[in-house]
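Chemist: Would you mind keeping the following structure in view while I ask a few things?
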Amino acid sequence: MPQMDFTTYAPQFVWLVISFVLLYVLMARMALPRIESILSMRERRIEGDLNEAAEMGRKAEAAQKNFDKVTSETRARAQKLASESRAAANTAQLARMAKKDAELAEQAKKSDAEITAARNKAMGSLRDVAADVAQAAAEKVTGNRISRDVALQAIDAEIKARG
74 MPQMDFTTYA PQFVWLVISF VLLYVLMARM ALPRIESILS MRERRIEGDL NEAAEMGRKA
134 EAAQKNFDKV TSETRARAQK LASESRAAAN TAQLARMAKK DAELAEQAKK SDAEITAARN
194 KAMGSLRDVA ADVAQAAAEK VTGNRISRDV ALQAIDAEIK ARG
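Take my numbering: the final residue in the sequence shown is number 236, and no numbers are missing along the way.
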């Protein structure tokens, strides 16, 4: 067998070194730089996607805070209006008080309807923003765009679960 012949060890060793050096140079100069560039590009893309998702999350939080602010202001105005109306009704005569109570009940219904309408409007826009964020995040993370209906179903399920 030529592998066991001691006289051929030197040429075999030379070819081993030549093959190793050639393979090392090819890997170091061609394959590894390509792999490194692909990995770094992928890492940058993932980092950018995560930053964009975080920004969209901050926007959704800002929209939620704005919604909460509008709701509390509307509720405060309704309570202020109700208390002012009650004070005026207390100073009026008894017959007029009964009439004012009826008016206040109507105003309270209207205020509640306005609050409900404002809340529904804000929740609708928040729901749309959340759907856009969910679609964008799913697209960035998985690379596939989910349909708006799927995103809205997931959001509705989460809203229902949180009450």
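Glycine included, every Cβ here is placed at the ideal spot set by N, Cα and C.
Note the first and the last residue of the continuous alpha helix (DSSP H) segment covering Met117.
Modeler: Correcting the residue type first, residue 117 is Arg in the shown sequence and not Met. Taken as a continuous stretch (DSSP letters only), the alpha helix (DSSP H) holding Arg117 covers Leu105 to Thr164.
Chemist: Would you check if there are 3 or more beta carbon pairs closer than 8 Å linking the segment 168 to 180 to the segment 97 to 104?
Modeler: no
Chemist: Would you mind stating whether Val206 and Gly130 have Cβ atoms separated by less than 8 Å?
Modeler: yes
Chemist: Could you check whether Ser184 and Ala160 sit closer than 8 Å to each other, using their CB atoms as the reference points?
Modeler: With contacts defined as CB atoms closer than 8 Å, Ala160 and Ser184 fail to qualify as a contacting pair.
Chemist: Please classify Ala210: is it buried, with 16 or more other beta-carbons within 10 angstroms of its beta-carbon, or exposed?
Modeler: buried
Chemist: Do you know offhand how far Ala83's Cα is from Ile119's?
Modeler: Counting only the Cα atoms, Ile119 lies some 51 Å from Ala83.
Chemist: One question on the structure: do Ile219 and Gln226 come within less than 8 Å of each other, judged by their Cβ atoms?
Modeler: Going by C-beta atoms, Ile219 is not nearer than 8 Å to Gln226.
Chemist: Roughly how many angstroms separate the alpha carbons of Ala323 and Ile188, rounded to a whole number?
Modeler: The shown model of the chain, from 74 to 236, leaves out residue 323, and the question about it has no answer.
Chemist: Find the nearest neighbour of Lys233 within the set Gly216, Thr215 and Arg200, judged by alpha-carbon distance.
Modeler: Arg200
Chemist: Whole angstroms is fine: what's the gap from Ala133's alpha carbon to Arg221's?
Modeler: 17 Å
Chemist: Could you tell me whether the Cβ atoms of Thr144 and Ala191 are closer together than 8 Å?
Modeler: yes
Chemist: Are there 16 or more other CB atoms within 10 angstroms of the CB of Ala203, so buried, or fewer, so exposed?
Modeler: buried
Chemist: Are the beta-carbon atoms of Leu177 and Ala149 separated by less than 8 Å?
Modeler: no
Chemist: Ends of the alpha helix (DSSP H) at Phe93?
Modeler: Tyr82 to Leu99
Chemist: Just how far apart, CA to CA, sit Ser198 and Ser110?
Modeler: 41 Å
Chemist: Looking at the C-beta of Ser113, does it have a partner C-beta in chain B at a distance below 8 Å?
Modeler: Absent from the structure: chain B. Only one protein chain is present.
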